[in-house]
Amino acid sequence: MTTLDMLLLYAGGTAVTYLARRAFLRLPDNFFSPRLKNGLTFIPIGIFAGLIFPSIFVQGGTLVWQPLFLIASAVCVGTMMLFRNVFVSFGASLALVVLVSLFT
Amino acid sequence: MKSTSYHTLRQGILDALPITVSIILFGAIFGLLSLQTGLSAWQSVLMSLTVYAGAAQFTALSMLGEHANLWAIVLAIFLLNSRHFLMGLSMAPYYQSFSLTQVNTLAFFLTDEQYAITLNRFRSHPSDVPYIVGVSLSLYIAWCGGTWIGTVAGQWIPDPASLGLGFSFTAMFLALAYYQLYSLQRIIVFLLCGLLATGLALVLPTGLHLLAAGLLAFAIGYFLPEKRKQTSEEGPALKEVETA
């Protein structure tokens, strides 16, 4: 690819990424009915599930069994239930994965 | 007023801190791989500065390595980032009080991590620009700085996979998702969406399974509204939106 092609690629990539992020970020006030608002409060659940589950169960387009990630996920949720602190939960579960990865 | 802005900006930086280290590392991996693909250092950093979309950039690299058509790469970036349509939609109520310039500027920084961290904040605090700026700049500098580090010192970067650091994103999303799961209906939706996303991730290009999971969750929330009062946790933020 020439330099011009690369710059075109960056311009195109930037434009489509920005479009997806900006498109619905600002909507008219009267757009939000109570029912729509309720639907919107559910979107994060789907997004989080879509980010979390495949990262545990899918690798390179195939289904995988990763007991370490499952146990660390349980530790993450367990510490959240106990302490309700994202830092503690994040740190404890990640520390477990890093330590086990280092010594196995 | 200024001290409040400074406080929330600082809080945004602090809240982004746990994931910042991982983003620097993954940015560095991107920088290293882009050199191996044949990009120069400035081309690598420029891509991070402009496109600013981790998964899409890795995909673009892979396609560049296979000499794919320019517009095919742009289309792949679009499909990968289509999930941001839904993220933007779910964040829209919190951005209603911001000026058009602020919304136009902040939209550039709406990544998965920024979305997760700011959404968690606005669950219990009114939405405010300095907080989003604090989170956004931390993540942006980490990603672009990491890319630069990768181009100059790639050979000394530890392999994140061998250290299990890929789990850092899962851990952060899981900890933040916990606050969303305060009713049986929401837990069931979470599991259903997880099942759907996992199944689709096996057959669809990255990104689309996320869009499908978000749409399913939205449809359930829209057609089967929860029969309960809003929790005190989400109350203040939504109330602020209604009165904005």
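Top to bottom, those sequences are chains A and B. Numbering-wise, the working numbering puts 1332 at position 99 of the first sequence, and it's gapless, one number per residue. Numbering-wise, the working numbering puts 138 at position 133 of the second sequence, and it's gapless, one number per residue. Using N, Cα and C, we set each Cβ at its ideal position, and we do this for glycine too.
Chain A residues whose Cβ lies nearer than 7 angstroms to that of B/F178: Within 7 angstroms Cβ-Cβ: F1281, L1284, I1285.
What in chain B is Cβ-close to A/P1277, meaning under 7 angstroms? Chain-order list of chain B residues neighbouring A/P1277: S95, L124, Q185, by C-beta distance under 7 angstroms.
Does the CB of B/F83 have a neighbour CB from chain A at under 8 angstroms? B/F83 belongs to the set of residues whose beta carbon lies under 8 angstroms from a beta carbon in chain A.
Identify every run of the beta strand (DSSP E) within the stretch 128 to 176 of chain B, keeping only runs that are complete inside it and at least 3 residues long; order them along the chain. Restricting attention to beta strand (DSSP E) runs no shorter than 3 residues, the stretch 128 to 176 of chain B encloses none.
Determine the DSSP secondary structure at A/V1331, reduced to helix, strand or coil. In this structure, DSSP gives A/V1331 a helical state, which the three-state scheme calls helix.
Collapsed DSSP secondary structure at A/V1249 in the structure displayed: Residue state, collapsed to three classes: helix.
Buried or exposed: where does A/L1296 fall if 16 or more other Cβ atoms within 10 Å of its Cβ makes it buried? The residue in question, A/L1296, is exposed, as its Cβ has fewer than 16 Cβ neighbours within 10 Å.
B/V134 to B/S10, Cα distance in whole Å? Spanning the two alpha carbons is a distance of roughly 8 angstroms.
Check whether the Cβ of B/Q160 lies closer than 8 angstroms to any Cβ atom in chain A. Chain A, which has no Cβ nearer than 8 angstroms to the Cβ of B/Q160, makes this no.
In terms of alpha-carbon separation, which member of A/L1315, A/M1313, A/F1302, A/A1248 lies closest to B/F174? Minimum Cα distance to B/F174 is reached at A/F1302.
Per DSSP, which one or two residues make a beta bridge with A/Q1292? Paired residue(s): A/T1295.
Where does A/T1337 land, buried or exposed, given buried means 16+ other C-beta within 10 angstroms? Exposed, since its Cβ has fewer than 16 Cβ neighbours within 10 Å.
Would you kindly report the start and end of the unbroken alpha helix (DSSP H) that includes B/A73? Where B/A73 is concerned, there is no enclosing alpha helix (DSSP H), given that its DSSP letter is neither H nor E.
Can you find the residues in the same chain that come closer than 8 angstroms, C-beta to C-beta, to A/F1316, ignoring five residues on each side of it along the sequence? Within its own chain, the residues whose Cβ lies closer than 8 angstroms to the Cβ of A/F1316, once the five positions on either side in sequence are excluded, are S1322, listed in chain order.
Could you tell me if B/P258 is buried or exposed, where buried requires 16 or more neighbouring beta carbons within 10 angstroms of its beta carbon? The question about residue 258 of chain B has no answer here: the residues shown for chain B are numbered 6 through 249.
Proximal chain B residues relative to A/F1316, where beta-carbon distance stays under 8 angstroms: What A/F1316 touches in chain B: nothing, since even the nearest Cβ is about 10 angstroms away.
Would you mind sorting B/W148 into buried or exposed? The rule is 16 or more other CB atoms within 10 Å of its CB. Buried is the call here.
Contacting residues, own chain, Cβ-Cβ under 6 angstroms from B/G36 (five flanking each side not counted): Cβ neighbours of B/G36 beyond the five flanking positions: S49, T152, G155, T156.
Three or more C-beta pairs under 8 angstroms: does that hold for the stretch 127 to 141 of chain B against the stretch 74 to 90 of chain B? Remark: fewer than three beta-carbon pairs, one from each stretch, lie closer than 8 angstroms, so the stretch 127 to 141 of chain B and the stretch 74 to 90 of chain B are not flagged as touching.
Validate contact between the stretch 1268 to 1278 of chain A and the stretch 101 to 111 of chain B using beta carbons, cut 8 angstroms, 3 pairs: Three or more Cβ pairs closer than 8 angstroms define a contact, and the stretch 1268 to 1278 of chain A falls short of that threshold against the stretch 101 to 111 of chain B.
Whole angstroms is fine: what's the gap from B/L168's alpha carbon to A/D1262's? Rounded to whole angstroms, B/L168 to A/D1262 spans 47 angstroms at the Cα level.
Near B/A65, what residues of its chain come up, given a Cβ to Cβ distance below 8 angstroms and the 5 sequence neighbours on each side ignored? Closer than 8 angstroms at Cβ, skipping near neighbours: M52, V56, I78, A81, I82.
Which residues of chain A have a Cβ atom closer than 9 angstroms to the Cβ of B/I78, listed in chain order? Chain A residues near B/I78: L1242, G1245, G1246.
In terms of residue numbering, what span does the alpha helix (DSSP H) encompassing B/F223 cover? Per DSSP, B/F223 is one residue of the alpha helix (DSSP H) stretching across 213 to 228.
Short Cβ contact (8 angstroms threshold) for B/L220 with B/L91: Cβ distance < 8 angstroms, so B/L220 and B/L91 count as in contact.
Return the residue from the list A/A1253, A/S1306, A/M1314, A/I1276 that minimises the CA-CA distance to A/L1327. Of the candidates A/A1253, A/S1306, A/M1314, A/I1276, the one whose C-alpha sits nearest the C-alpha of A/L1327 is A/S1306.
Could you spell out the range, first to last residue, of the alpha helix (DSSP H) harbouring B/G336? The structure shown does not extend to residue 336 of chain B, since chain B is modelled only from 6 to 249, so the question has no answer here.
Can you name the start and end residues of the alpha helix (DSSP H) that A/L1258 belongs to? Unbroken run through A/L1258: none, as it is neither H nor E.
Whole-number beta carbon distance between B/F31 and B/P165, since they are thought to touch under 8 angstroms: With a Cβ gap of about 6 angstroms, B/P165 and B/F31 count as contacting.
Beta-carbon neighbours of A/N1263, restricted to chain B and to distances below 7 angstroms: Around A/N1263, no beta-carbon contact reaches into chain B at under 7 angstroms, the shortest distance being about 11 angstroms.
Going by the beta-carbon positions, is the gap between B/Y100 and A/L1258 smaller than 8 angstroms? For B/Y100 and A/L1258, yes; Cβs fall inside 8 angstroms.
Taking B/T116 as the reference, give the member of B/P131, B/P98, B/Y145 with the closest Cα. When only C-alpha atoms are compared, the closest one is B/Y145.
Exposed or buried, which one is B/P98 when buried takes at least 16 other CB atoms within 10 Å? Counting every other CB atom within 10 Å of its CB across the protein chains shown gives B/P98 a total of 16 or more, marking it as buried.
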